[in-house]
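To convert, take the position in the sequence shown, counting from 1, and add 54; that gives the numbering used here. By construction, the Cβ of each residue, glycine as well, lies at the ideal position given by its N, Cα and C atoms.
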Amino acid sequence: MYQTIIMPVDVFEMELSDKAVRHAEFLAQSEGVIHLLHVLPASASLSLHRFAADLRRFEEHLQHEAQTRLSTMITHFNIDSSRIHTHVRFGNVRDVLNELAEELHADMVVIASRNPSISTHLLGSNAANIVRHAHIPVLVVR
Numbered sequence: 055m056y057q058t059i060i061m062p063v064d065v066f067e068m069e070l071s072d073k074a075v076r077h078a079e080f081l082a083q084s085e086g087v088i089h090l091l092h093v094l095p096a097s098a099s100l101s102l103h104r105f106a107a108d109l110r111r112f113e114e115h116l117q118h119e120a121q122t123r124l125s126t127m128i129t130h131f132n133i134d135s136s137r138i139h140t141h142v143r144f145g146n147v148r149d150v151l152n153e154l155a156e157e158l159h160a161d162m163v164v165i166a167s168r169n170p171s172i173s174t175h176l177l178g179s180n181a182a183n184i185v186r187h188a189h190i191p192v193l194v195v196r
């Protein structure tokens with residue numbers, strides 16, 4: 055079906071992504087590759103020059119923790135682990151996803167979303183932002 059699928063996940067809220075796993079597997083069928091993506095907020099805009107070394111260590115810790123959790127998430131899939139790749143990046147989810155999609159020549163995005171509530175309608179959500187700005191098809195799983 056699809057050769058390259060990107061699945062953005064929040065590793066600190068794994069149960070939300072669990073429901074999208076089966077959909078990504080189905081779309082990948084026998085040959086597709088799934089790229090799990092976790093995006094950490096960029097701290098470059100913070101003007102904490104005195105704390106730069108501490109901030110860098112904290113970012114490294116978060117990046118390592120996210121990578122560890124993504125590696126654990128691979129076990130939730132029923133396809134060969136060699137067809138699942140992980141990415142941890144810093145920035146805005148929408149922008150990072152579009153950059154990765156271009157790099158990988160991705161065919162599809164599969165993302166889990168909460169059921170809409172008044173807070174997500176007023177504040178927006180990552181899934182809604184991705185749907186509005188993605189350059190490739192997006193499947194939102196609820």
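Residue i: CB within 7 Å of a non-hydrogen atom of the ligand GTP
{"i": "His77", "result": "Judged by which ligands are present, the structure shown has none, so any question about the ligand GTP falls away."}
Limits of the alpha helix (DSSP H) - the one that residue i falls within
{"i": "Met127", "result": "Ala106 to Met127"}
{"i": "His187", "result": "Asn180 to His187"}
{"i": "Ala155", "result": "Val147 to Leu158"}
Counted within 10 angstroms of its Cβ, other Cβ atoms place residue i as buried (16 or more) or exposed
{"i": "Asn152", "result": "buried"}
{"i": "Pro95", "result": "exposed"}
{"i": "Ala107", "result": "exposed"}
{"i": "Ser84", "result": "exposed"}
{"i": "His175", "result": "Per-residue confidence for His175 stands at a pLDDT of 49, beneath the threshold of 50, marking its modelled position as unreliable; the derived number appears in the next sentence. So His175 ends up on the exposed side."}
{"i": "Leu177", "result": "Residue confidence for Leu177 is low, a pLDDT of 37 falling below 50, so the modelled location carries little weight; the figure read from the coordinates is stated next. That one is exposed."}
{"i": "His89", "result": "buried"}
{"i": "Pro62", "result": "buried"}
{"i": "Met222", "result": "Since the first residue of the chain shown is 55 and the last is 196, residue 222 is not available in this structure."}
{"i": "Glu79", "result": "buried"}
{"i": "Ile172", "result": "Note that Ile172 scores 49 on pLDDT, short of 50, meaning its location in the model is unreliable and no value can be drawn from it."}
N- and C-terminal bounds of the beta strand (DSSP E) containing residue i
{"i": "Val195", "result": "Val192 to Val195"}
{"i": "Phe66", "result": "Looking at the DSSP string, Phe66 is not in any beta strand (DSSP E), and its letter there is neither H nor E."}
{"i": "Phe144", "result": "Ile138 to Phe144"}
{"i": "Ala96", "result": "Per DSSP, Ala96 belongs to no beta strand (DSSP E) and is neither H nor E."}
{"i": "Ile165", "result": "Met162 to Ala166"}
Interface flag, residue i vs chain C, CB-CB below 8 Å
{"i": "Leu81", "result": "Annotation note: the requested chain C is absent from the structure, which comprises a single protein chain."}
Short Cβ contact (8 Å threshold) for residue i with residue j
{"i": "His159", "j": "Thr58", "result": "yes"}
{"i": "Leu91", "j": "Ala166", "result": "no"}
{"i": "Ile60", "j": "Leu154", "result": "yes"}
{"i": "Arg143", "j": "Val93", "result": "yes"}
Decide yes or no for the touch test of the segment 125 to 139 against the segment 184 to 196: beta carbon pairs closer than 8 Å, at least 3 of them. no
Any chance the segment 71 to 85 sits against the segment 116 to 136, with 3 or more Cβ pairs inside 8 Å? yes
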